[in-house]
Amino acid sequence: MTTQQLKETTRMSRDAFRQTDAADLLKNYRKSAPLTADQRRCVLDEVHRQFADTEASLRESYPTLSDEDVELCLLSALQYPVSAVADCLSVSEEAVRVRKHRLKSKLPQEVLGVFWEGRAGTRLLKTLFMKDTMQNVWRRFPLTVIWLVLLTAYAIWRCWTKSPHNEEQTVAILYGLGVAVVLATALSLWGEEVKRPSLRWWITIAAHLLLMVDTVYLFTHPEAVSRTETLIGHLSVVAALAVAFFYAPFFREKDDLPVWNFTWRTFLWFCISFLTGGILTAGLLALVGSFHWLFGLQVAEQWYSTLAILTLLTTPVLLFLARIPEGEEKHSDVAVISKYLIFVIRYLFVPLMALYLIVLYIYGLLILIHWELPNGGVGWLVSALMAGCIIVELGLYPVMRSGEGKPFERWIVRWLPVLILPLLLLMTVGTVRRLSDYGITPPRLYLLTFNLWCYAVCIGLFVGRARRIRWIMTSLTAVFLLTSALPVNYTTISLRVRRHKLDRLIGNTLPADLPMDEEALATWFHTFDGRQQCQIHDELDILLYIDPRSVADLTTITRTNILPWAGDEALDEENRSIQLAFDSPFAVPEGYTHFYESERTYLSEVDKEAKVMPDGSIRIEREVDGQSAKIALSIGEKEISSCMVEPKRTTPLLGYSADSTYVLVVTDIDLNLARDSTISWGSIYGYLFSK
């Protein structure tokens, strides 16, 4: 019998076996409920009966094979998990792997490929071209396939139709169909573990109805698509579905190893599938493009788009669905250790995180020495460090559970969360400072919530010794969902606080005719001085950006770049600003030999380093040489006013400290005046020297 005949005989025997009762035993096999002796005998008898010709050919062509080797080949040809094969042979899984390895020296490679799949590339090609694989996708994920076909058809229709479309409505339909694909897949994976079919179907129907209602709402309210509240809320729902995709099938598991194995294998196949789709797309588009280069044929752009949709969306998704683990492979609790992942964590992530820790601890030490508040931006560095910590903990989880972790890795898993805890305090203070200085916005509220969640994760990992990891992502997704998808969420809270502040700023100055159009708003804006205009402009800017409906009772405008404010030419240009631009070389004041650095100071409500004194002078406060107290530099009112008469001076302005130790050589001034001619806000630029 030739190799091709062996392949054909084995395939026919495998198809015949799948129609038997013994096949049902293996199909529904679970490691927690091993086969009885009678069931093993039934399976093996049926295997030998169905594979009689294959068995005879093996024994004749390779007489050195033992009975155990022949049985292993026949069982492996059925493509069932290693655990099921081991149970049928009454041996351990490790013994099965050892026998497979031993058979490599006894059977040629082309014969081995008849009985079990060898490499990922081979499995991918078989997935792509095997009819029974596509049938398996339809059997496991029928709703997913239906939604995927509808999504593909709609995307192709949008490419070919020439009638005008509302972009927001198009986004709503694509959102509904795309999320339906993910939702149906997640529910199918969860439903495989549910023993009550009625419960599975009722929940599936209810979930899809809710999605349809949401999609219809977005379609009938196109303006909602661009609102920040809607975008964040739907993003939280998609994130929850993505986490449910990986974790929902394991609600009965008491160990997190099956979750980790399933997530890792699924993620790898997701990457491989879409990488394959990308390569296929590039190849086909280049081939179609060559028709014009070689034969002068003009190919419509719609054909390129259609090919891209089929090869970059539909094909990769089907490949991915075909390789999602099933049965015992889905619930495998054998630690899957990726040497590549361990290498990346050990030699890239851990050194990088060590650098982050060193920099942040040095920064924290400087803050303690100077006794000042941390910069608000430190929160993003600590967030990146915390994300790296979670990646390290998740990546090393199977190594730690298998007992193969090295002492250094065990130390990292145990003490890394403890090292991050003090830095979380820096993040807390920095975030609270930004909230205090700049007000409440959704990103700052999310950053503060993430900071509090980080405390819980670090403490939980240390106390629980990282024995369970599933709760990390599920808790983060739950917090994100609760703070984003409910009617009262961080966006609505931010809008209420900002609107309350705006109402306090405008007081009782509103005109009788509301809402104001652009012209009326400009006229009303003139009734405020420069500082009030700046404050009102900032609040309106944020409210219009987050949700224009929040100020719909005040104005009909939807953007703030048309608003006049203190520095605009729309206001009274005469004597409304003080400017100085000194670009010529200047002589350093006599006696001042030490140069520090250039200094730019802003006059506004937020920056307290510069302020206008009652006598009209400007006082600039800044730290020098790490002093705990700030030095004060004063620029006189007469010197400032002289810039209105002489905007192009031959000498710069000088601002001295009280003891004349420091001097600020001012070369650039841009100040704005209120209606009473007092300085409202602006900027000052100069060079700082000392004796």
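Each residue of the sequence shown is one higher than the one before, starting from 449 at the first, in my numbering.
Here a beta-carbon is modelled for each residue, glycine too, at the ideal position from N, C-alpha and C.
Within its chain, find whatever has a CB closer than 7 Å to the CB of residue i; leave out the 5 residues flanking it on each side and keep chain order.
i              : result
tryptophan 751 : Val736
alanine 687    : Thr925, Phe928
arginine 459   : none
alanine 504    : none
valine 495     : Phe465, Leu522, Leu523
On the DSSP bridge assignment, give the partners of residue i in chain order.
i                  : result
phenylalanine 1137 : Phe1043, Val1111
leucine 623        : Note that residue 623 is tyrosine in the sequence shown, not leucine. Per DSSP, none; premise fails for tyrosine 623.
methionine 582     : Paired residue(s): none; methionine 582 is not in a bridge.
isoleucine 1132    : Thr1049, Ile1117
glutamate 1069     : Ala1080
serine 1105        : Leu1081
glutamate 964      : Before going further, note that residue 964 is methionine rather than glutamate in the sequence given. Methionine 964 is bridged to Thr1003.
arginine 478       : Ala481
valine 539         : Valine 539 pairs with nothing; no bridge assigned.
leucine 1028       : Ile1117
valine 866         : Valine 866 pairs with nothing; no bridge assigned.
Taking 8 Å as the threshold (C-beta atoms), are residue j and residue i in contact?
i                 : j               : result
valine 629        : tryptophan 595  : yes
alanine 1058      : isoleucine 1127 : no
threonine 1099    : serine 1138     : no
asparagine 899    : threonine 876   : yes
valine 518        : leucine 526     : no
tyrosine 804      : leucine 821     : no
alanine 543       : alanine 634     : no
threonine 512     : lysine 554      : yes
leucine 591       : alanine 632     : yes
isoleucine 1117   : leucine 992     : no
alanine 770       : valine 585      : yes
threonine 879     : glycine 827     : yes
phenylalanine 797 : glycine 836     : yes
arginine 1067     : methionine 1061 : yes
With 16 other CB atoms within 10 Å as the buried threshold, where does residue i fall?
i                 : result
arginine 462      : buried
histidine 1042    : exposed
methionine 660    : exposed
tryptophan 717    : buried
arginine 892      : buried
glycine 725       : buried
glutamine 429     : Any property of residue 429 remains undetermined from this structure, which presents the chain solely from 449 to 1139.
glycine 681       : buried
glycine 1134      : buried
arginine 946      : buried
tryptophan 1129   : buried
tryptophan 819    : exposed
asparagine 1120   : buried
threonine 609     : exposed
asparagine 956    : exposed
isoleucine 772    : buried
aspartate 1020    : Residue confidence for aspartate 1020 is low, a pLDDT of 42 falling below 50, so the modelled location carries little weight and cannot support an answer.
glutamine 498     : buried
phenylalanine 939 : The residue asked about is misnamed: residue 939 is threonine in this sequence, not phenylalanine. Answer is buried; the Cβ neighbour count reaches 16.
asparagine 709    : buried
Go through its chain and collect everything with a Cβ distance to residue i's Cβ below 6 Å, but skip five positions before and after it.
i             : result
serine 684    : Phe928, Leu929, Ser932, Ala933
leucine 1002  : Pro963
aspartate 535 : Pro482, Leu483
cysteine 906  : Pro865, Ile868, Leu869
glycine 1084  : Ser1065
serine 850    : Ala783
arginine 648  : Gly639, Val642
threonine 450 : none
threonine 652 : Leu635
Tell me which same chain residues have a C-beta within less than 8 Å of the C-beta of residue i, skipping the five on either side of it?
i             : result
leucine 473   : Leu483, Gln487, Cys490, Val491
aspartate 515 : none
arginine 858  : Met848
alanine 756   : Thr729, Leu733
leucine 872   : Val830, Met834, Asn899, Cys902, Tyr903, Cys906
Three-pair Cβ contact test at 8 Å for the segment 909 to 918 versus the segment 836 to 846: yes
Cβ contact (3+ pairs, closer than 8 Å) linking the segment 733 to 749 and the segment 887 to 899: no
Inter-stretch contact at 8 Å, needing at least 3 Cβ pairs: the segment 716 to 731 / the segment 765 to 776: yes
Touch test, the segment 633 to 644 against the segment 780 to 793, Cβ-Cβ under 8 Å, three pairs minimum: no
Stretch pair the segment 670 to 680 + the segment 794 to 811: three plus CB contacts closer than 8 Å: no
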